[in-house]
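Colleague: Shown below is the structure under consideration.
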Amino acid sequence: MTPDEILAHPARVLTQSQREHYFTHGYVSVEELVPADTLADLIAVTREFVDSSRAVTESDDVFDIAPEHTADNPVLRRLKMPDQNHSTYWEFARGLMADVAADLAGPDVVFHHSKLNFKWFDETDTVKWHQDTQFFPHTNYNVFTIGCYLSDTDMINGPLAVLPGSHGGPIYDLYDDDGNWTGHLKDRDAANIDMSKVEYLKGRAGSITIHNCRTAHFSPSSKSPEPRPLLLNCYSSADAKPYTPHPQPSSHSFEIVRGQPAKWAQLDPTPCLIPPDWSGGYTSIYAAQAGEDEPDAMM
């Protein structure tokens, strides 16, 4: 569906101006959208997972841990597939967040994946400039990620940052000059970004961020001793069909969470970079950007 067709449908959660902002700029953020009781449940479950990670000594199908992770000092970089690993996360993804997604995807919405990213007091936790579409290309670019801050987030603890309008710009090559997948823009491409135009999406716990799969984004290092968790759920319009393997499908991937399956795929003529073969699995963007894995095992 085109933006005009989507905007013609009544809004469920977002205001019309917020929807228009998203389509014009490639992102939108909404302060303290999530109800207090829902937020409390998400925070409580997240704390349980952080505590459970103490027993983990290497990254696995649930936890992506940093090299310095220990039982006494857990440094959990990512909880993988939260939608599959606890019903609280899935109820959130298929509930309120799916209604938000329908405001931007149109009435027919597909769930793609979820993840819970943390930031720690560590100069190495910067997530470099990248776009999402190269990790999981679709037949069109009506694919986006909704983030929910589970703690107050400001410039101290590394907010998500976006380049407004970049969803209408180039799709970058995320391979290095030797053909190795890095998961981020080349230094020379990142150096051309006008940092004066960057928007840092700060917000109190319960605030959401939404960015299109083509929107260039990064997050700076945290300067806080407390971890900053960001719960991310990715959705697509039902007429956007993936044409490469899913990096890490959960039991809910490709589930219709609003509306009906599409009978026709919509094709965008803009070429998209093909990622490595993800069918062998991956760890996380943290591992990819740190060069911890082989190219066929990263996202």
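Per the numbering used here, residue -11 is the first one in the sequence shown, and the count goes up by one each step. Beta carbons are placed, not taken as given, at the ideal position from N, Cα and C, and that holds for glycine. Treat the numbers as computed from the prediction; the structure is a model and nothing was measured.
Considering Cα atoms alone, identify which of 118, 61, 24, 106 is closest to residue 175.
Modeller: 118
Colleague: Alpha carbon to alpha carbon, how far is residue 229 from residue 259?
Modeller: If I take the Cα positions, the gap works out to 14 Å.
Colleague: So, do the region 90 to 110 and the region 153 to 167 have three or more beta carbon pairs nearer to each other than 8 Å?
Modeller: With the cut-off at 8 Å, the region 90 to 110 and the region 153 to 167 do not touch.
Colleague: Assess, as a yes-or-no matter, whether the region 193 to 205 is touched by the region 96 to 109 under the definition of 3 or more beta carbon pairs within less than 8 Å.
Modeller: no
Colleague: Name the two residues that bound the continuous beta strand (DSSP E) containing residue 186.
Modeller: Segment: none, residue 186 is in no beta strand (DSSP E) and carries neither H nor E.
Colleague: Relative to the C-alpha of residue 131, which residue among 10, 3, 139 is closest?
Modeller: 10
Colleague: Would residue 194 and residue 21 qualify as a contact pair, given that the criterion is a beta-carbon distance under 8 Å?
Modeller: yes
Colleague: Taking the alpha carbon of residue 212 as the reference point, which residue from 56, 139, 264, 72 has its own alpha carbon closest?
Modeller: 139
Colleague: Following the continuous beta strand (DSSP E) through residue 137, name the residue where it begins and the one where it ends.
Modeller: 131 to 137
Colleague: Can you give the beta carbon distance from residue 69 to residue 221, rounded, assuming they're within the 8 Å contact cut?
Modeller: About 11 Å; that fails the 8 Å criterion.
Colleague: Restricting to Cα atoms, I'd like to know which of 164, 219, 257, 239 is closest to residue 264.
Modeller: 164
Colleague: Taking the alpha-carbon positions, what's the residue 108 to residue 12 distance?
Modeller: 33 Å
Colleague: By how many angstroms is the C-alpha of residue 33 removed from the C-alpha of residue 27?
Modeller: 10 Å
Colleague: Report the option in 252, 207, 216 whose CA atom is closest to the CA atom of residue 116.
Modeller: 207
Colleague: If we require 3 or more residues per run, which beta strand (DSSP E) segments fall completely within the region 167 to 227?
Modeller: Correct list: 187 to 189, 196 to 200, 205 to 207, 218 to 225.
Colleague: Between the Cα of residue 49 and those of 72, 82, 172, spot the shortest distance and give me the residue it belongs to.
Modeller: Checking every option, the nearest Cα to that of residue 49 belongs to 72.
Colleague: When burial is assigned at 16 or more other CB atoms within 10 Å of the CB, is residue 251 buried or exposed?
Modeller: Result: exposed.
Colleague: Taking the C-alpha atoms as reference points, what is the distance between residue 7 and residue -5?
Modeller: Residue 7 and residue -5 have their C-alpha atoms spaced approximately 7 Å apart.
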